[in-house]
Structure formats: structure tokens, C-alpha cells
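Here is the structure we will look at, set down as C-alpha cells.
There are 2 protein chains.
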Amino acid sequence: MDNLECWSGLASGGITAVPGFKVSGVHCGIRKNRDKRDLALILADKQCNAAAVYTTNKVKGAPLILTMEHLKNGKARAILCNSGNANTCAPNGLSAAEKMVNAVANELKIEPADIIVNSTGVIGVQLPIENIVAGVPELVKALSRDNTPAAEAIMTTDTFSKSWAAEFELGGKTVTIGGIAKGSGMINPNMATMLSFLATDCDISSEMLQKALSQSVKISYNQVSVDGDTSTNDMTAILASGTAENPTIDSAGEDYDKFLHVLNLINLRLAKDIARDGEGATKLLICKMNGAESYESAALLAKSVISSSLVKAAMFGSDANWGRILCAMGYSGVHFDNARVDVGFSSNTGEILVCKQSTGLSFDEEEAKKILGEKEITIDVSLCDGDFSAEAYGCDLTYDYVRINGDYRT
Amino acid sequence: MDNLECWSGLASGGITAVPGFKVSGVHCGIRKNRDKRDLALILADKQCNAAAVYTTNKVKGAPLILTMEHLKNGKARAILCNSGNANTCAPNGLSAAEKMVNAVANELKIEPADIIVNSTGVIGVQLPIENIVAGVPELVKALSRDNTPAAEAIMTTDTFSKSWAAEFELGGKTVTIGGIAKGSGMINPNMATMLSFLATDCDISSEMLQKALSQSVKISYNQVSVDGDTSTNDMTAILASGTAENPTIDSAGEDYDKFLHVLNLINLRLAKDIARDGEGATKLLICKMNGAESYESAALLAKSVISSSLVKAAMFGSDANWGRILCAMGYSGVHFDNARVDVGFSSNTGEILVCKQSTGLSFDEEEAKKILGEKEITIDVSLCDGDFSAEAYGCDLTYDYVRINGDYRT
Chain S
2 MDNLECWSGL ASGGITAVPG FKVSGVHCGI RKNRDKRDLA LILADKQCNA AAVYTTNKVK
62 GAPLILTMEH LKNGKARAIL CNSGNANTCA PNGLSAAEKM VNAVANELKI EPADIIVNST
122 GVIGVQLPIE NIVAGVPELV KALSRDNTPA AEAIMTTDTF SKSWAAEFEL GGKTVTIGGI
182 AKGSGMINPN MATMLSFLAT DCDISSEMLQ KALSQSVKIS YNQVSVDGDT STNDMTAILA
242 SGTAENPTID SAGEDYDKFL HVLNLINLRL AKDIARDGEG ATKLLICKMN GAESYESAAL
302 LAKSVISSSL VKAAMFGSDA NWGRILCAMG YSGVHFDNAR VDVGFSSNTG EILVCKQSTG
362 LSFDEEEAKK ILGEKEITID VSLCDGDFSA EAYGCDLTYD YVRINGDYRT
Chain V
2 MDNLECWSGL ASGGITAVPG FKVSGVHCGI RKNRDKRDLA LILADKQCNA AAVYTTNKVK
62 GAPLILTMEH LKNGKARAIL CNSGNANTCA PNGLSAAEKM VNAVANELKI EPADIIVNST
122 GVIGVQLPIE NIVAGVPELV KALSRDNTPA AEAIMTTDTF SKSWAAEFEL GGKTVTIGGI
182 AKGSGMINPN MATMLSFLAT DCDISSEMLQ KALSQSVKIS YNQVSVDGDT STNDMTAILA
242 SGTAENPTID SAGEDYDKFL HVLNLINLRL AKDIARDGEG ATKLLICKMN GAESYESAAL
302 LAKSVISSSL VKAAMFGSDA NWGRILCAMG YSGVHFDNAR VDVGFSSNTG EILVCKQSTG
362 LSFDEEEAKK ILGEKEITID VSLCDGDFSA EAYGCDLTYD YVRINGDYRT
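Chains as they are written, first to last, in my numbering: chain S, 2 to 411; chain V, 2 to 411.
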């Protein structure tokens, strides 16, 4: 996966880097702060092949239920999303989701079933549907080729908007993929919801699009942990318009692999941005797990390390407390040779090995502290079980995480 | 299980409430602070039937490996434990564990295989075995019927020692069970290890003792979560001397049930003390899950709620943020009817229902805040899936948790 990072085609354009897509983001009155956009729309010039991956949480937001219904035919033309209210465990949630979709469908003169919908924010509170319906004309009127308003409108307590795009060649044609995402946090904190919306002009069947998205989510968003809480409203969705006129991807092969490769690249960058911007985070943590007996083992082990509150707090304190890393691996449920584990830390400042063959090395604590003082830290773990590797992405556990999530909602 | 709490026989005596047991605790020089005892010994007048339950972490401390070997015959006479160093992932760990056991066996003139041993503290650092061996004569000399020194010597960053005992009748004979425990935290923080050591004069076979201990651990210690990190050194062990001369318990039946009932009572109190004294905790959280389709479902759901960082942070902030509770249930992996969940909060101040049939109620936020401002909070969840209930025990997530675990080790 490392070579992805070196690929030079990555740009920050987001959805509108893709020809044939317009977006908008407005304030319609769900959020109290009038300067905060709270309603986003992504629209393709034509109906697209579409795919989505949803939260595994058994309690699912009403808009996810509606979107699953709409995507049964693998087609969609628009993505609609509000922030400030999750429309989950709220009275008449499904009916509210339908109303916001219908308002946009009427205004755009498209089928309601061609709209993917989601909501992010506080749960258990009725959606102010009148405000949304009243805001739809302005939302549609504001559609443009400027990516920013939509990227901002889906943000909750994110401290920066997250957009990436890339161009590549397929069968002599230029294909573009672009995406926006939001991470964890809310002004009225309730839960950390991860959303990402992607667009491409690639000609790819709904089936292969779904396959690519599912594969890509596995190595990117599913390897992110901010606090271990899986939201009721997590969703990744992608629209593929096909206007790039590349040879249609309708089966596995070289073109599919190339598409997946670039999709992974974008999703990994969005996923890392989500981790980096986790609630209260001061550091991005990357755990690289090498020498595992399978990808699944490597992925679970890396995720367990990145999810440990004790590891996260140690990283906040720049403490090379590697015992917690072995401990988190030990309770992951994964089999590994626990007598042959090497652990090191690296960052821009340098790298240091602190544990060899599962036994502590004496190391320069000051040097370790300097390495761990950086904003992006890699925890390097090597096993002796096989040739598989995986990465997971997280952030440190800080006073601000407690402050943000412990503060009273009102 | 509720009636256990009403039972009046509970006392704070600990191990030495049981006739025929002596304990001691000394400072031998593992900890830097000379006022902190760091070596504990529990000794029975005679060889006992013995049982233990160990951490499920695949990385296990060396003393646990040795204890498993020693307990193969279901017999033991003493429990030896140091704090300040976990003797895990450290050079020559098994040999160090053997050395400390042999030193005590020689001094007491008992078999090394009759000693249960454990260590708690920093991992990856060589055990200062010379200090321990040098301290053994004093440790043995200090054996007495005063429970306190041993209860204190196993503490790490615990803010109070944890001891409970109870007397009951079996076949006209008075039987006593007593125990001590330690929870989460260290002065040189490395990981939260849970230990509990129990003694009884009950006449019970090793097999039934193991069965009772395993059953009891399931509803008590296994339902505690401080930070979701399962230590490498967790252990519960029990010695049963048989000197109470009750009719031997060697099969299931009324006497076994009575023994288990009192054992549960003590383990539940120790478990709650561990949760209450979690690192940085200001509040004990109890989640009662009612109306589940099985005990296992109820237990997993309650544990998922109590383990959620977002729930824990909300409780710290006295925020009745019930959406996070449904969310944590949703990602627990347990099947339940997620449209029919009621959620309430209660404490000494009162009780309040905030969610009915999975939909938010409008409630008095000030009243809720008052209820959640207490030191012991119950999260009451009712399902409509069956008649099974379970409880789980945890604590809030506070600035102090981050401080304790983020501070540099030196």
C-alpha cells in the first residue's frame, strides 16, 4: 500500500474535481450558529451507478434505512446530507427523511429514489423538517463547481474540511475520483459519525462499484478508530457517472485494479484526515503491523493497538510505553507468536526500537520522547508469523476529548 | 442478584476474617517509595484446595504461567504477590518468578508447587529479584491476623484498599469467605491490572471450587470495565482450607448454591470497588440491562454501554446523553429489538426516564443533571426481548484518567 502514498496525482479538489458534478452547502437553520452551513447537496448531471457502505451498528439512523431502499437498483443522481441532527431514535424519523428527500426531488425534478440521504448530529431529537424544506430552494440555487460549501456543510466539530481527488488514465481516457468526508465531533456532542461521499466519472457497473467501495472501506475507514464508538449513521457512498467514456469496468481485471488503487488512495487520505482531526486529538497515530499470518490478523492487531485508551493516552504524553502495545495485541483475539514481537516508534524526528523478541530493550528515553513529540507518529510492530501487513489510523486521547464529550449538551 | 445486596452478613474483614489464614505485606524495595508496601503473602495453616481464573490476554505474565503449572493438582497453601513490576515481557521472567517462589518456600518450609504467585506493575522491566529474596524473611516474620498490610501491598494507584468478607452456615457449621482485590492504576503507569485473592475455610473439592470461582468471575470481575484494556496479569485465586468441617461440597446442590451465592456477593462488592476506584474516576457507573433474551445478551449489552468512552465522558459531565447508550448497544454485536428500548438514570437523588420505545422523551434537564451529579449512578435499560437481566460496572472518563496515563513514566 505504501506506493500509493508516493503517487503524485493526488489533489485537494474534492467532488467538483470530477467533471459533471455540482455541489452546494447552505445554512437552513438546523444549527443555531448562522455562520455554520448545515445542509449539503451533491448532484450529477445524469443518473449514475451508485454504491454505499453503511454502519454495522444495529441501531441505524432513519436516513440510512431510506437510502438502502433507494439504492436497491444500484442507481442514484444526488446525495443530500444535513448536519446538526442525526434523525436517529427521533419521532417520525423515516417520514422526516422522506420529506427532505421529496423537497429536493421536487425542486430538482428528479426521482426521490435517485437521492442518497444522510443526517449527522444529535440523536433522539426531532428533525426540524420545516427549516430544511424551506432551505431547499436556496440549496438547489447554490449548486456550483465550488467544492467547499458542501465539504463544510457536513462538518460537525471537525476543525478542518476534508477533500481529496485524483486523476488517472483508463484505456486512454482521463478518469477522476473525488471525495469529501467528515470525522468525529459535534458542537452539541452526541456521537462521532464518519461520513464520506465520493464521485467519479468512471464508467463502471454498479456491481463492480459496490465491490470496489466495500474493499476500499475495509482498508481505510474501517481501520480508523477515534474512540471505539461505532456511530448509528456512518456511511460512505459513491456516484459513478460514466462520462469519462473509458472501457466499461464490469468485471475484475487491470482496469478494475487501477480504479480500486486510486479509490484506496483517496479513501486512505480521507481516513487519515479523519483520524488526525479526531475529537481533541493533537497527534495522528499510524500503527503498521508487519509479518502477520494473514491480512485479517494484521488489520485486527493494528486496530486493537490504535484503539487502546492506554496506548492513546501514552502517545498524548509522548511516553514510549510499549508494554501497552503488546497488551492490546494480546487481547485482540488474534493468534500470533507473542514471544517474537519487535516494537519501534518513528516520526519525522527519527526512529527507535524499544522491544525486540517481546523483551524490553534499554533505550534513550529522551530520544524516544522527542520522536513521540511530533504531530504524526508511527508505531511499527513486526511479527514473525508470515508476510502480511496492515495499517490502522487513530489519534491520541487528550484532556480535550474529555472536555468535548463531557461538557453538558446545552 | 439484587437480593444479594440486601444480605446483612457482609463485613470488611478480608482474608483474615477466615480462621486459619495469616497474611503479611512489606516494603522490599521494588517500589521507590519506602512507605509503599510492595510484597504480599497469604498463608493457610494447611494445604488447601485451590482454584484460579486467569487473564484471557494471549500475552501472559511469567508468574501466571508458573501458577498454572502449580495449580495442576488443584492444591496450594500460599499466595505471593508483588506490586511495582509485572514480570511480563522481561528478561528471564519465568526464572525470576521461580526464584521468588523458592525463597518463600524455603523460608516457610513448604513445597514451591504449593505457592500461587503473581506480579503487578510496569512491564518489560527486569524484576529486582535480589530485593525480593532479601525481603522474604521479613515478609514471613510479619505474618499475622491483620488483613491490612497484604491488602495494601498489592495496591498500585488504587486510592483505597479493597477487602470484604462474609460468614454463613452450611450443615450447622459456620463458614467464612474473605477476599482482597486491587484495581486499575500505577504510580509508574503501565497498565491496569485486576487482582483478587480469596480464602475460605469451607470444605469444598478443588473441582467445585474451580466451578464456583469461574461462575462468580463471570458476573463480577468480567463485568467490570475501566478502560477496556485487558491486562497481561489479571488473576483471581481462592484457597479453601476445609477446616470449617461443613459437609464436603463435592457436587452441585443446595450447599454449593449457598457457597456460590456468598462468593458472588463478595466478588461483586470487590468488583464494584475496583470500578469505583478506576483510574481518575469520580463516579461508579452501574448499567442494569433488563428484559434481554438471555443472560449472555444482557451481560454483553450492559458491558458495551459501560465500556463506551462517549458514555463514560457524558457521565463525567453529568450529561443525560442517552443516544450514546443506544449506540453502544447497537455496536455490541448482540441481537435485540432496537425499536423497543427504554432508558433511564437513577441515583440517590432520584430517577428519570429519558427514552421510551427507542424515542427520546422531553425531560427536565436540570433534574437529570442533579441525578447524574451523584457518586454512584445507575443506567437503567429495559428491553422487550425476554426475562433475563445482567449488570456491568464501570466509571466515568475524566481529565485525571488522561493525566494518569499520559504522564511520562519517569
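We put the beta carbon where it would ideally sit given N, CA and C, even for glycine.
Please state if the CB of C49 (chain V) and the CB of I155 (chain V) are separated by a distance shorter than 9 Å.
Not in contact: I155 (chain V) and C49 (chain V) (Cβ atoms no closer than 9 Å).
Counting only C-beta atoms, is Y409 (chain S) closer than 9 Å to chain V at any point?
Note that Y409 (chain S) scores 45 on pLDDT, short of 50, meaning its location in the model is unreliable and no value can be drawn from it.
What does the alpha-carbon distance come out to for the pair Y1 (chain V) and V382 (chain V)?
Beyond the ends of chain V as shown, which are 2 and 411, falls residue 1 (chain V); an answer cannot be given.
Tell me whether H28 (chain S) is buried or exposed, calling it buried when 16 or more other Cβ atoms sit within 10 Å of its Cβ.
Buried.
Which value, in whole angstroms, describes the spacing of the CA atoms of N322 (chain V) and A245 (chain V)?
Each residue's alpha carbon lies about 51 Å from the other.
Quick one: grab the DSSP three-state call for L11 (chain S).
L11 (chain S) falls in the strand class under three-state DSSP.
Starting from the Cα of I226 (chain V), find the closest Cα among V:G334, V:S298 and V:K273 and give me that residue.
Before going further, note that residue 226 (chain V) is Ser rather than Ile in the sequence given. Of the candidates V:G334, V:S298 and V:K273, the one whose C-alpha sits nearest the C-alpha of S226 (chain V) is V:K273.
What runs of the alpha helix (DSSP H), each 4 residues or longer, lie entirely inside the segment 35-121 of chain V?
With a minimum length of 4 residues, the continuous alpha helix (DSSP H) runs that stay inside the segment 35-121 of chain V are 63-71 and 94-109.
What do you get for M187 (chain S), buried or exposed, if any count of 16 or more other CB atoms within 10 angstroms of its CB means buried?
Reliability fails at M187 (chain S), whose pLDDT of 38 lies under 50, so the model's placement of it is uncertain and no value is given.
Does the distance from the CB of F337 (chain V) to the CB of L302 (chain V) come in under 9 Å?
The answer is yes: Cβ separation under 9 Å.
Please list, in chain order, the chain V residues whose beta carbon lies closer than 8 Å to that of N119 (chain S).
Simply none; closest approach about 16 Å.
Check each residue of the segment 327-339 of chain V: if its Cβ is closer than 9 Å to any Cβ of chain S, include it; give the result in chain order.
Of all residues in the segment 327-339 of chain V, L327, C328, A329, M330, G331, Y332, S333, G334, V335, H336, F337 and N339 have a Cβ within less than 9 Å of some Cβ in chain S.
A300 (chain S) and A391 (chain S) - do their beta-carbons sit closer together than 9 Å?
Yes, the pair counts as a contact, with Cβ atoms nearer than the cut-off.
Can you name the residues of chain S whose CB is closer than 7 Å to the CB of V126 (chain V)?
Chain S residues near V126 (chain V): G361.
For S348 (chain V), which residues in chain S fall below 8 Å Cβ to Cβ?
Correct list: empty, because the minimum Cβ distance to chain S is about 17 Å.
Say whether chain V places a C-beta atom closer than 9 Å to the C-beta of F317 (chain S).
Chain V contact via Cβ: present.
If I measure Cβ to Cβ from D39 (chain V) and keep anything under 7 Å in the same chain, skipping five residues before and after, which residues do I get?
Counting only Cβ-Cβ distances below 7 Å, and skipping sequence neighbours, we find H28, C29, I31, R32, N83, S84, G85 and A154.
Identify the contact partners of K59 (chain S) in chain V, using a Cβ-Cβ distance below 9 Å as the criterion.
Those within 9 Å of K59 (chain S) in chain V are M330, G331, Y332, S333, G334, V335, H336, F337 and N339.
Give me the Cα-Cα distance between L199 (chain S) and C356 (chain V), rounded to the nearest whole angstrom.
Distance between the alpha carbons of L199 (chain S) and C356 (chain V) is about 35 Å.
In chain order, what residues of the same chain have a beta carbon less than 8 Å from the beta carbon of N132 (chain S), not counting five sequence neighbours either side?
If we look at N132 (chain S) and ignore the five residues flanking it on each side, its Cβ neighbours are C29, G30 and I31.
The beta strand (DSSP E) with T149 (chain S) in it runs from where to where?
It is not in any beta strand (DSSP E) - T149 (chain S) instead sits in the alpha helix (DSSP H) that spans T149 to A154.
So L311 (chain V) contacts chain S; which residues on that side make the cut at Cβ distance below 7 Å?
Per Cβ cutoff of 7 Å: M192, D228, D230 and N406.
Please report the straight-line C-alpha distance between S9 (chain V) and F389 (chain V), rounded to a whole angstrom.
Residue placement at S9 (chain V) is poorly supported in this model, since its pLDDT is 45, which falls under 50; the coordinates are not used for a value here.
Would the segment 45-64 of chain V count as touching the segment 92-100 of chain V if we require 3 or more Cβ pairs under 8 Å?
These segments touch.
A391 (chain V) CB to nearest chain S CB: under 9 Å?
No, A391 (chain V) lies away from the interface with chain S (no Cβ there is under 9 Å from its Cβ).
Which runs of the beta strand (DSSP E) fall wholly inside the segment 330-360 of chain S and span at least 3 residues, in chain order?
Fully enclosed beta strand (DSSP E) runs of 3 or longer: 343-348 and 351-357.
Roughly how many whole angstroms lie between the Cα atoms of K259 (chain S) and K219 (chain V)?
Distance between the alpha carbons of K259 (chain S) and K219 (chain V): 50 Å.
Please name the residue, chosen from V:S359, V:E368, V:E170 and V:S309, that lies closest to N406 (chain S) on a Cα-to-Cα basis.
Of the candidates V:S359, V:E368, V:E170 and V:S309, the one whose C-alpha sits nearest the C-alpha of N406 (chain S) is V:S309.
Rounded to a whole number of angstroms, what is the C-alpha to C-alpha distance between T57 (chain V) and T233 (chain V)?
Straight-line Cα distance between these residues: approximately 8 Å.
Which residue marks the beginning of the beta strand (DSSP E) containing E392 (chain V), and which one marks its end?
Looking at the DSSP string, the run of the beta strand (DSSP E) that includes E392 (chain V) is F389 to C396.
9 Å is my cut-off, CB to CB: does Y400 (chain V) come that close to chain S?
Yes, Y400 (chain V) lies at the interface with chain S (some Cβ there is under 9 Å from its Cβ).
Three or more C-beta pairs under 8 Å: does that hold for the segment 266-280 of chain S against the segment 357-370 of chain S?
Counting Cβ pairs under 8 Å, fewer than three are found: no touch.
Within its chain, find whatever has a CB closer than 6 Å to the CB of V263 (chain V); leave out the 5 residues flanking it on each side and keep chain order.
Result list for V263 (chain V): A167, F169 and I178, in chain order.
Taking F364 (chain S) as part of the alpha helix (DSSP H), name the residues at either end of that continuous run.
Where F364 (chain S) is concerned, there is no enclosing alpha helix (DSSP H), given that its DSSP letter is neither H nor E.
Can you check whether the C-beta of A299 (chain S) is within less than 9 Å of a C-beta belonging to chain V?
No, A299 (chain S) does not count as interfacial toward chain V.
Following the continuous beta strand (DSSP E) through K183 (chain V), name the residue where it begins and the one where it ends.
Element bounds for K183 (chain V): K174 to K183.
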